[in-house]
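Position 527 of the sequence shown, counted from 1, bears residue number 595 in the numbering used here, the numbering being contiguous throughout. We put the beta carbon where it would ideally sit given N, CA and C, even for glycine. Heads up, the thing below is written out as structure tokens.
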Amino acid sequence: MHAAYKGQSRPSPSHQLPQACPAPTSAQLPLSCLPYICLLSAASYLCLLSDSFFHQIKAKGISHASHCLATHDRSIHMEKSTSSSRGGGEEEEATNKVPLLEPRAPADHHGRSSSFSKVEQQVEGDDDSSSCLSLGRRTWEENKKLWVVAGPSIFTRFSSFGVTVISQAFIGHIGATELAAYALVSTVLMRFSNGILLGMASALETLCGQSYGAKQYHMLGIYLQRSWIILFACSVVLLPVYLFTEPMLVALGQDPKISAVAGTISLWYIPVMFSYVWSFTLQMYLQAQSKNMIITYLTMLNLGLHLGLSWLMTVKFQLGLAGVMGSMVIAMWIPVFGQLAFVFFGGCPLTWTGFSSAAFTDLGAIIKLSLSSGVMLCLELWYNTILVLLTGYMKNAEVALDALSICLNINGWEMMISIGFLAATGVRVANELGAGSARRAKFAIYNVVITSFLIGFVLFVLFLFFRGSLAYIFTESRAVADAVADLSPLLAFSILLNSVQPVLSGVAVGAGWQSVVAYVNITSYYLIGIPLGAILGYVLGLHVKGIWIGMLLGTLVQTIVLLFITLKTDWEKQVVIAQERLKRWYMEENRRLLGSRGNP
Numbered sequence: 069m070h071a072a073y074k075g076q077s078r079p080s081p082s083h084q085l086p087q088a089c090p091a092p093t094s095a096q097l098p099l100s101c102l103p104y105i106c107l108l109s110a111a112s113y114l115c116l117l118s119d120s121f122f123h124q125i126k127a128k129g130i131s132h133a134s135h136c137l138a139t140h141d142r143s144i145h146m147e148k149s150t151s152s153s154r155g156g157g158e159e160e161e162a163t164n165k166v167p168l169l170e171p172r173a174p175a176d177h178h179g180r181s182s183s184f185s186k187v188e189q190q191v192e193g194d195d196d197s198s199s200c201l202s203l204g205r206r207t208w209e210e211n212k213k214l215w216v217v218a219g220p221s222i223f224t225r226f227s228s229f230g231v232t233v234i235s236q237a238f239i240g241h242i243g244a245t246e247l248a249a250y251a252l253v254s255t256v257l258m259r260f261s262n263g264i265l266l267g268m269a270s271a272l273e274t275l276c277g278q279s280y281g282a283k284q285y286h287m288l289g290i291y292l293q294r295s296w297i298i299l300f301a302c303s304v305v306l307l308p309v310y311l312f313t314e315p316m317l318v319a320l321g322q323d324p325k326i327s328a329v330a331g332t333i334s335l336w337y338i339p340v341m342f343s344y345v346w347s348f349t350l351q352m353y354l355q356a357q358s359k360n361m362i363i364t365y366l367t368m369l370n371l372g373l374h375l376g377l378s379w380l381m382t383v384k385f386q387l388g389l390a391g392v393m394g395s396m397v398i399a400m401w402i403p404v405f406g407q408l409a410f411v412f413f414g415g416c417p418l419t420w421t422g423f424s425s426a427a428f429t430d431l432g433a434i435i436k437l438s439l440s441s442g443v444m445l446c447l448e449l450w451y452n453t454i455l456v457l458l459t460g461y462m463k464n465a466e467v468a469l470d471a472l473s474i475c476l477n478i479n480g481w482e483m484m485i486s487i488g489f490l491a492a493t494g495v496r497v498a499n500e501l502g503a504g505s506a507r508r509a510k511f512a513i514y515n516v517v518i519t520s521f522l523i524g525f526v527l528f529v530l531f532l533f534f535r536g537s538l539a540y541i542f543t544e545s546r547a548v549a550d551a552v553a554d555l556s557p558l559l560a561f562s563i564l565l566n567s568v569q570p571v572l573s574g575v576a577v578g579a580g581w582q583s584v585v586a587y588v589n590i591t592s593y594y595l596i597g598i599p600l601g602a603i604l605g606y607v608l609g610l611h612v613k614g615i616w617i618g619m620l621l622g623t624l625v626q627t628i629v630l631l632f633i634t635l636k637t638d639w640e641k642q643v644v645i646a647q648e649r650l651k652r653w654y655m656e657e658n659r660r661l662l663g664s665r666g667n668p
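Structure below.
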């Protein structure tokens, strides 16, 4: 970004906002984006390699799994033979027991479907079959399930983040005012709306994940349609924020010239915002079924197309700001159309059976869970925005904001990995709770926490080791580089905490604890972290380091509380809660269907 200001008037520090990537200094492809592009290439290669590798070893696991299942089936057959010899009295007693949810069976000739069984049988069966596997084998099998979701999810988020980075780099080549305006819209406005939409969409991780685990496949499509309705209505409510961006920014004290350009950019973001309605929900829907490799292929195409179109429109045809934003709109909608085509044309035959009028019923429970999810995620996403705003009000904030921009950019890249694990954790926990397996749910949690922490620890060591040279990827200023080196220990500790905290949030999403985590976030972030940061930064004179330390302590408190909740949770009870929830939803759906048949 610094080269973009050469020979131009630089915005005042109060209006300076963090940039994710410096502006290009020539008509060439921005060199500052090369590390990011290399990282994406490596991630895509690993993602595709892991997918191919898992398919190769799948055949080897079938024989061993079949042996375990055969052993379990023989034991069940013997038990049935013994019980049948005891007479009909015990049979009648067993029949009168209240059943819970089990995999849905095909309907009989009367149209009835036997969909419920005892949770105890499912857990017992799980324990028997799992005893055939060694700890190492179980860990290997769990890691395969984890990375089938986490790998594509991480790459997808890298690609989405890459669209923003590439756009900012090309806009920086256009001018300093445009760069500041774009940073203002993307950092504040889009983060505000994204927090709401992504948070509300994450309710699908609970609903679809548990339903898929319980084999109530038909409900996934209905939940998806209900989420479309809710998120579309929410986007319409958010429209005035984009339509009246300029007067709002001026009223908040921003520079009128920058605010005017930001108002133009915000209009381009309206179709981008509406693309998130389908993009976020389809991602959750496909992740619950471990079918998100299609998203990876689409985002690879999307990222390359956006890079080429941005260069073509800004460098070749000199279309300026309109060229970059037009390319972004196209880039955001390509994955949406691809995912819709995949779902509609046979990619999900079990879970998508067409549009249903049931999507317009029972919206209250979905809205309640969506609001809890939205509040939980918004409180996390807005946390760093407040860090930026507090830093911007300091004296001589120019270097501090530049350094903080670089640190948050690096932290943002690492967060893509953590958020990928968050999604994978939510899917694995929800699937196992829906399937009635407390033991496997706990094992999945332990496995993903350890895996994510080990990756975070490696990055923690790397950032401490290279603390003096990281900043030169983004800037040529010695003062900014020194400031980044000074902040690098805090960045490293943030990365270490971020390797655990999102995973624990994913546990909450999978179990349906969004409202509990929302209260934890309010207390740890906004009653502890921000006040401590303000005191350390302004009162004690530690400046940006003090603000960051305070907010880091807030994140630490949140992580400790979530870890305590996770360790103290009775997972057998959570299985019963999930099964009862699914049973209630299923019975309500059956009553609705029977009512519609009786009253055509």
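Residue nearest to residue i in terms of C-alpha spacing, selected from the options
i    : options                   : result
W296 : K213, G574 and V404       : V404
R649 : I518, Y310, G580 and L387 : G580
A506 : A602, F632, S520 and Q278 : Q278
S395 : Y540, S378, A512 and G605 : S378
F525 : K613, S261 and L565       : L565
M619 : L604, A551 and T637       : L604
Y280 : V568, R546 and E500       : E500
I518 : S567, S227 and V443       : S567
G669 : M484, L272, Y587 and W616 : Any answer about residue 669 is impossible in this case: the structure gives the chain only from 69 up to 668.
P339 : G321, L532, I363 and A399 : A399
A560 : V629, S545, G480 and A586 : G480
S235 : L371, S424, L272 and L311 : L371
L317 : G331, G388 and V516       : G331
F348 : A586, A282, E273 and L307 : E273
Residue range of the unbroken alpha helix (DSSP H) whose run includes residue i
i    : result
F525 : A506 to F533
K359 : Per DSSP, K359 belongs to no alpha helix (DSSP H) and is neither H nor E.
S303 : H286 to L311
D550 : R546 to N566
R240 : Reading off the sequence shown, one finds Gly at residue 240, where the question assumed Arg. Here the alpha helix (DSSP H) through G240 covers L203 to I242.
M396 : G388 to F410
L600 : I598 to A602
Residue i, buried or exposed, once every other Cβ within 10 Å from all chains shown has been counted against 16
i    : result
Q355 : buried
F410 : buried
P570 : buried
D554 : exposed
V256 : buried
A426 : buried
Q407 : buried
R496 : buried
W420 : buried
D250 : Checking the displayed sequence, the identity of residue 250 turns out to be Tyr instead of Asp. Buried is the call here.
K213 : buried
Y593 : buried
A319 : exposed
Q386 : exposed
Y113 : With a pLDDT of 40 at Y113, under the threshold of 50, the modelled position of this residue cannot be trusted; read the value that follows with caution. The residue in question, Y113, is exposed, as its Cβ has fewer than 16 Cβ neighbours within 10 Å.
V443 : buried
F528 : buried
A244 : buried
Backbone secondary structure at residue i - three-state DSSP
i    : result
P417 : coil
L608 : coil
G489 : Rather than Gly, the amino acid found at residue 489 in this sequence is Phe. Correct three-state label for F489: helix.
W581 : coil
K651 : helix
Q626 : helix
F57  : The shown model of the chain, from 69 to 668, leaves out residue 57, and the question about it has no answer.
V441 : Sequence check: residue 441 is Ser here, not Val. The answer is helix: DSSP assigns S441 an H, G or I state.
S270 : coil
T429 : coil
G321 : coil
F385 : coil
A586 : helix
- Contact between the segment 367-386 and the segment 337-348: three or more CB pairs below 8 Å? Three or more Cβ pairs closer than 8 Å define a contact, and the segment 367-386 falls short of that threshold against the segment 337-348.
- Evaluate contact between the segment 254-271 and the segment 430-445, counting only Cβ atoms and requiring at least three cross-stretch pairs below 8 Å. As far as the Cβ criterion goes, the segment 254-271 touches the segment 430-445, which means the pair count is three or higher.
- Item | Meets three-Cβ-pair contact criterion under 8 Å: the segment 225-232 and the segment 481-492 | The segment 225-232, when compared against the segment 481-492, does touch it at the 8 Å Cβ threshold.
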